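Novice:
There are 2 protein chains.
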Amino acid sequence: MVNEKLYEKLAKLAVRKGVNVQKGQLLVVKAAADIAWFVRIVVKEAYEAGAEEVSVEWRDNEITRLGYAHRSEASLSLVPDWVRDREAYRQEKHACFLNIISEPPGGLKGIDEAKINAYQRAYHEKMGDLLNYTMNNLGQWCVVGLPSIEWARAVFPGLSDEEAFEKLADVIFRVSRVEEDNDPIAEWKAHDNALAMYCQRLNEHQFKELHFSNSLGTDLTVGLVENHIWVGGGCTTPQGVYFDPNIPTEECFCMPHRDKVNGKVVASRPLSYNGKVIEDFWFRFENGVVVEHGAGKEAQSLDALLAFDEGSRRLGEVALVPYESPVSLSGVLFFNTLYDENAACHLALGRCYPENLEGGVDMDKAQVLAHGGNDSMQHEDFMFGTRDMKVDGVKADGTIIPIFRNGGFVIGGEQENG
Amino acid sequence: MVNEKLYEKLAKLAVRKGVNVQKGQLLVVKAAADIAWFVRIVVKEAYEAGAEEVSVEWRDNEITRLGYAHRSEASLSLVPDWVRDREAYRQEKHACFLNIISEPPGGLKGIDEAKINAYQRAYHEKMGDLLNYTMNNLGQWCVVGLPSIEWARAVFPGLSDEEAFEKLADVIFRVSRVEEDNDPIAEWKAHDNALAMYCQRLNEHQFKELHFSNSLGTDLTVGLVENHIWVGGGCTTPQGVYFDPNIPTEECFCMPHRDKVNGKVVASRPLSYNGKVIEDFWFRFENGVVVEHGAGKEAQSLDALLAFDEGSRRLGEVALVPYESPVSLSGVLFFNTLYDENAACHLALGRCYPENLEGGVDMDKAQVLAHGGNDSMQHEDFMFGTRDMKVDGVKADGTIIPIFRNGGFVIGGEQENG
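Protein sequence lines correspond, in order, to chains F and W.
Note that our numbering numbers the first sequence so that position 400 is 400, with each residue one more than the last.
Note that our numbering numbers the second sequence so that position 357 is 1357, with each residue one more than the last.
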């Protein structure tokens, strides 16, 4: 362990600011079995914060992989009722969910896409409306990362295990704003406020569409739904509990109109999808739908993602991230969306977030669709931001307002320090 | 890892002989999160043996302890329905269960007994008849042990971590009959046959009662139920699958009559109960019930065990184990019943095994009770065998047949080598 104090600060941040567990609440922690040492710190912190019960749902990459390798599509498609019942029970108790990720990318490399899709489809069908709980922020949830040697090897393949781990740990603490002599909770409060300020300005403009362009070949117009809401930093549950769903987060994100995306977008970073790492890929949209695409590596995975369902060929999220964000400045490619999405502007194929639409959280799927939101069993972020990204906002009357120049906000408001 | 090959042999033994997973079967593995490396070997072996699905139920001693320490009795008494539903689902699918133990003793030292009992009671009530599945051998199950540093520290407190672990690993492999140059599955087949032979002789005699005496102060008469069945080694499910519930096992065990136990028994080894280690304890029985008892250490835990319910003050099992068994010869006190019960003759307070009664598996609780079997939410083994243990069998006509002299079988049949 590099520095025990930093891990304790990270656990405290995740518990008290990230998922913000309340007195008497049930907390569900999801984590890999081999980081039990850290989960113990988290569980202790959660009880001390007043949790009534902390339940841990363990997973193991290698065992998941063995299951996919040996089980049939039919077997993988049978998701038992108790899995749904467990989730329903937790939601009825207003549980909150903390997911700690520490796994290396590419864990399902070589596994038949059809099997992965079969399980995903069965799982989504079995869970049904229960997926709305986190999607609509009906309860607190948080995803936070922990360095591991396996992950470090993938990120710094040229280094020794020890050096790679040190470097990954160092950068994860840095971008999580956890330092030896700071108060991470105070840092995150200030950062949440800065993101809220950018969102407020964007919301006031109510842009009809955004236009993205850069030297990588992106030339894309993303129409936004009417009465959209830009969201960034933390969220608030219907019970009034403020929480940070992602640590770190650097984005302001919004809801694209499912029929109003046109042009070409070129990804600027690889995408880790279903355990594969897709590289050098691009899409061309017409009226919201991907009509052409290509990839340099793992093209079949990209095909599978697009073919998953009708909604997986349309956008569900557009997000603005300054190229000077801490994750971007680190220069590290984490092969994990939690971090990599905070290095650059990004889009997501698939399901939209109803919170990005006025009254969306209280609408049913059909109503969200009618407003231009997208639905899918997937929600896959991919990065396309670059140092020279230019973003313009186009208002209903045709006025053009510069939002990004040279990869950073120019829409006004004070720059955040830190 | 001391010797990778030995661990692979142990995993294979547990999967193919212990729980004997069948083609197309669901296997549930229960294990501590920090032995994920070994669980991966087990899961791989199980899929290669033809399992349709291997599901892992992880646990962590420290997190369990935190839960007991912080949760209220009321909170611990709420066992959700999904826990029952999960078990019911698995039993409907004819799942088999492999429990891998690696934890040190005393994990719940200092925890309020009332809390532990509250959870145990709630769990037993929620599970109800589902507990019969393994109790009545309706499906295969197996408990096997794996050495861990934490456990080794408790067993060999004077040694360095490395030395202690080496010693514990060495003895666990030895008593599990796993050696570099042997075939553990063949060893266990031969051993199962030897135990079956002793059981057959005991069954032919249909003793009315057993009389135990030794120099430690034990002078105890244990009446047996009529039409009892001595069981040892492996068992067979109603579907005809042979399995070994315990690796290792050295015992031939039977069903005491719940009202016909009289005299004093002095324990010869400590008992690890609910995470406490009870030492130097004894009981005096009258007509089946403990009427007097004492303990040198953790006496409160012993009180709690006896007070748990009406059946926890009566015997549910009597077992004969030669003092020259491999576990006994090792001279090691494991602080774990899986091993320690195989070092010496033992008794269990609490629930009986219906398989020890002709037709018992098909009886309901009331019928088993009517035949003299015992019921309880507990089943706690404790050791009382010694090097000078003498056991006589008394037949209905008063004939006395010597069963044990000087701690070993004298009832006839060939001695087992190995």
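For each residue, glycine too, the CB sits at the ideal point set by N, CA and C.
This structure is a prediction, so every number in the text was calculated from the model and none was measured.
Can you tell me whether DSSP reads residue 1059 of chain W as helix, strand or coil?
Specialist: strand
Novice: Show which residues of chain B have a CB atom less than 8 Å away from the CB atom of residue 1089 of chain W.
Specialist: In the structure shown, chain B cannot be found, because the protein chains are F and W.
Novice: Decide if residue 402 of chain F is buried, meaning its Cβ has at least 16 other Cβ atoms within 10 Å, or exposed.
Specialist: The residue in question, residue 402 of chain F, is exposed, as its Cβ has fewer than 16 Cβ neighbours within 10 Å.
Novice: DSSP three-state call for residue 273 of chain F: helix, strand or coil?
Specialist: DSSP, read as helix, strand or coil, puts residue 273 of chain F in strand.
Novice: Which two residues bound the contiguous alpha helix (DSSP H) that contains residue 11 of chain F?
Specialist: 4-12
Novice: Could you tell me which chain F residues have their CB closer than 9 Å to the CB of residue 1085 of chain W, listed as they occur along the chain?
Specialist: Listed along chain F are 80, 81, 82, 85 and 86, each with a C-beta nearer than 9 Å to that of residue 1085 of chain W.
Novice: Contact criterion: CB-CB distance below 7 Å. Does residue 1205 of chain W meet it with respect to chain F?
Specialist: no
Novice: Can you tell me which of W/1072, W/1230, W/1017 and W/1032 puts its alpha carbon nearest to the alpha carbon of residue 1186 of chain W?
Specialist: The option with the nearest alpha carbon to residue 1186 of chain W is W/1017.
Novice: Note down, in chain order, each residue of its chain lying with its Cβ closer than 8 Å to the Cβ of residue 1290 of chain W, except the 5 sequence neighbours on either side.
Specialist: 1283, 1284, 1306, 1313, 1314 and 1349
Novice: Give me, in chain order, the residues of the same chain whose beta-carbon lies closer than 8 Å to that of residue 35 of chain F; leave out the 5 immediate sequence neighbours on both sides.
Specialist: 100, 102, 146 and 148
Novice: Write down every uninterrupted run of the alpha helix (DSSP H) in the region 28-97 of chain F whose length is 4 residues or greater and which is fully enclosed by it, in chain order.
Specialist: 36-48, 61-70, 73-76 and 81-92
Novice: Please confirm if the region 17-34 of chain F is in contact with the region 50-60 of chain F, defined as three or more CB-CB distances below 8 Å between the two stretches.
Specialist: yes
Novice: Could you work out which residues of chain W lie near residue 75 of chain F, taking near to mean beta carbons separated by less than 8 Å?
Specialist: 1052 and 1053
Novice: Taking the Cβ atom as the reference point for each residue, do residue 1386 of chain W and residue 1214 of chain W lie within a distance shorter than 7 Å?
Specialist: yes
Novice: Between which two residues does the beta strand (DSSP E) carrying residue 1015 of chain W extend?
Specialist: Here residue 1015 of chain W belongs to no beta strand (DSSP E), and DSSP marks it neither H nor E.
Novice: Could you tell me whether the Cβ atoms of residue 342 of chain F and residue 245 of chain F are closer together than 7 Å?
Specialist: no
Novice: Are there three or more Cβ pairs, one per stretch, closer than 8 Å when the region 117-136 of chain F is compared with the region 60-78 of chain F?
Specialist: yes
Novice: Below 9 Å between beta carbons is the criterion; list the residues of the region 122-146 of chain F that meet it against any residue of chain W, in chain order.
Specialist: none
Novice: I need the straight-line Cα distance from residue 1346 of chain W to residue 1111 of chain W, nearest angstrom please.
Specialist: 27 Å
Novice: Check this for me: beta carbons of residue 220 of chain F and residue 265 of chain F, under 7 Å apart or not?
Specialist: yes
Novice: In angstroms, rounded to a whole number, what distance separates the CA positions of residue 1396 of chain W and residue 1366 of chain W?
Specialist: 25 Å
Novice: Taking Cβ-Cβ distances below 9 Å as the criterion, which residues of the region 1262-1291 of chain W are in contact with chain F?
Specialist: Legend: CB atoms of the region 1262-1291 of chain W lying less than 9 Å from CB atoms of chain F are not found in any residue.
Novice: Identify which residue in F/360, F/67 and F/209 has its Cα closest to the Cα of residue 263 of chain F.
Specialist: F/209
Novice: Take residue 1190 of chain W and list the residues in its own chain whose beta-carbon comes closer than 6 Å to its own, dropping the five residues that flank it on each side.
Specialist: none
Novice: Excluding the 5 residues flanking residue 416 of chain F on each side, which residues of the same chain have their C-beta closer than 6 Å to its C-beta?
Specialist: Low local confidence applies: a pLDDT of 45 at residue 416 of chain F is under 50, so the model's placement there is unreliable, and no value is given.
Novice: In terms of residues, what are the limits of the alpha helix (DSSP H) holding residue 1301 of chain W?
Specialist: 1299-1307
Novice: How is residue 1336 of chain W classed by DSSP in three states: helix, strand or coil?
Specialist: coil
Novice: Name the DSSP bridge partner or partners of residue 242 of chain F?
Specialist: F/236
Novice: Can you tell me the Cα-Cα spacing of residue 66 of chain F and residue 1391 of chain W, whole angstroms?
Specialist: Those two C-alpha atoms are separated by around 51 Å.
Novice: Assuming contact is defined by CB atoms lying nearer than 7 Å, are residue 91 of chain F and residue 241 of chain F in contact in what I supplied?
Specialist: Not a contact, by the Cβ cut-off of 7 Å.
Novice: Could you check which residue in F/128, F/273 and F/178 has the C-alpha nearest to that of residue 106 of chain F?
Specialist: Comparing Cα positions, the closest option is F/273.
Novice: Do three or more CB pairs link the region 126-141 of chain F to the region 83-90 of chain F at distances below 8 Å?
Specialist: yes
Novice: How about residue 34 of chain F: is its C-beta nearer than 7 Å to some C-beta of chain W?
Specialist: yes
Novice: Can you round the beta-carbon distance between residue 133 of chain F and residue 79 of chain F to whole angstroms, since I take them to be within the 8 Å contact cut?
Specialist: About 17 Å; that fails the 8 Å criterion.
Novice: For residue 1276 of chain W, which residues from the same chain have a beta carbon less than 7 Å from its beta carbon, with the 5 sequence-adjacent residues on both sides left out?
Specialist: Closer than 7 Å at the Cβ level, and outside the excluded window around residue 1276 of chain W, lie 1106, 1108, 1109, 1298 and 1301.
Novice: Any beta-carbon of chain W closer than 7 Å to the one on residue 11 of chain F?
Specialist: no
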